[in-house]
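Novice: I am attaching a structure below and will ask some questions about it afterwards.
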Amino acid sequence: MKRHANVTWKGSLVEGSGSLDTQSGALSALPLGFKARFEDESGKTGTNPEELIAGAHAGCFAMQLSHMLAEGGTPADKLDVRADVTLQPAKGGGFEIVGSALSLVGNVPNLDEAKFLEIAEKAKASCPVSKALGAIEITLDARYG
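Under numbering that gives the first Met the number 0, the residue at position 71 of the sequence shown is numbered 70, and the numbers go up by one with no gaps.
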């Protein structure tokens, strides 16, 4: 299986701008720009690679955990997942992504909290996006409720 996204960029990094489209069409003409990536903490001026990685990581983890819970006979009623991807200045110049922090609140009937946390850790380690992000620190803050 292969999936793709296309970006068109015009101009320099600081003054230029771009747009992103995905194969599914779920994201279409999504604006990209320097301000959205490096200056606008509100995230309202467009998207950036870190936000897209965060979305991919949160989605992949939620799907992996949902599968593992259902496979064990305890499907989740609801899983709320957030991923915070950290970009910071790199030694020697430029920037680097250094971490993805997953936050989870799960409601899983008929499963005790200890087992829920154990399965969540396994899902974090086995999620394909977590594996792809192997060069960075990945943390999980999971709560049952």
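Just so it is clear, CB atoms sit at the ideal spot from N, CA and C, and this is done for glycine as well.
Given a cut-off of 7 Å, decide if Val80 and Leu103 are closer than it, judged by their beta-carbon atoms.
Specialist: Start at 1 with the first residue of the sequence shown, and residue 103 comes out as number 104. Start at 1 with the first residue of the sequence shown, and residue 80 comes out as number 81. Contact: yes.
Novice: Where does Gln87 sit, in a helix, a strand or coil, going by DSSP?
Specialist: For the purposes of this step, residue 87 is taken as the residue at position 88 of the sequence shown. In the structure shown, Gln87 sits in a strand (DSSP, three-state: E or B).
Novice: What's the C-alpha gap between Leu139 and His56?
Specialist: Reading the sequence shown from its first residue, position 140 is the one you call residue 139. Reading the sequence shown from its first residue, position 57 is the one you call residue 56. Leu139 and His56: Cα-Cα distance of roughly 12 Å.
Novice: Among Asp83, Ser18, Leu86, Phe33, whose alpha-carbon lies nearest the alpha-carbon of Ser27?
Specialist: As a first step, residue 27 must be located in the sequence shown, where it is residue number 28. Among Asp83, Ser18, Leu86, Phe33, the Cα nearest to that of Ser27 is on Ser18.
Novice: Give the range of the alpha helix (DSSP H) segment to which Ser18 is assigned.
Specialist: On the sequence shown, residue 18 is found 19 positions in, with the first residue counted as 1. Counting along the chain, Ser18 falls outside any alpha helix (DSSP H), though it belongs to the beta strand (DSSP E) covering 16 to 21.
Novice: Which one of Lys114, Arg2, Arg142 has the shortest CA to CA distance from Leu101?
Specialist: Position 102 of the sequence shown, counted from the first residue, corresponds to residue 101. Measuring from the Cα of Leu101, the nearest candidate turns out to be Arg142.
Novice: Output the residue ranges of the alpha helix (DSSP H) runs that lie fully inside the segment 42 to 84 and measure 4 residues or longer, sorted by chain position.
Specialist: Listed in chain order, they are 48 to 70.
Novice: Hey, how far is the Cα of Gly105 from the Cα of Leu64?
Specialist: Residue 105 sits at position 106 when you count from the first residue of the sequence shown. Residue 64 sits at position 65 when you count from the first residue of the sequence shown. For Gly105 and Leu64, the distance between alpha carbons rounds to 10 Å.
Novice: Is it the case that the Cβ atoms of Gly98 and Thr85 are separated by a distance below 7 Å?
Specialist: Residue mapping note: residue 98 aligns to position 99 of the sequence shown, counting from 1. Residue mapping note: residue 85 aligns to position 86 of the sequence shown, counting from 1. Cβ distance < 7 Å, so Gly98 and Thr85 count as in contact.
Novice: For Gly32 versus Gly45, is the C-beta spacing smaller than 7 Å?
Specialist: Your numbering for residue 32 matches position 33 in the sequence shown. Your numbering for residue 45 matches position 46 in the sequence shown. Yes, Cβ-Cβ distance for Gly32 and Gly45 is below 7 Å.
Novice: Please classify Ser129 as buried or exposed, where buried requires at least 16 neighbouring CB atoms within 10 angstroms.
Specialist: Counting from one through the sequence shown, the residue named residue 129 turns up at place 130. The residue is buried, with at least 16 neighbouring Cβ atoms inside 10 Å.
Novice: Would Phe60 be called buried (16 or more neighbouring beta carbons within 10 Å of its own) or exposed?
Specialist: Along the sequence shown, read from residue 1 onward, the residue named residue 60 stands at position 61. Classification for Phe60: buried.
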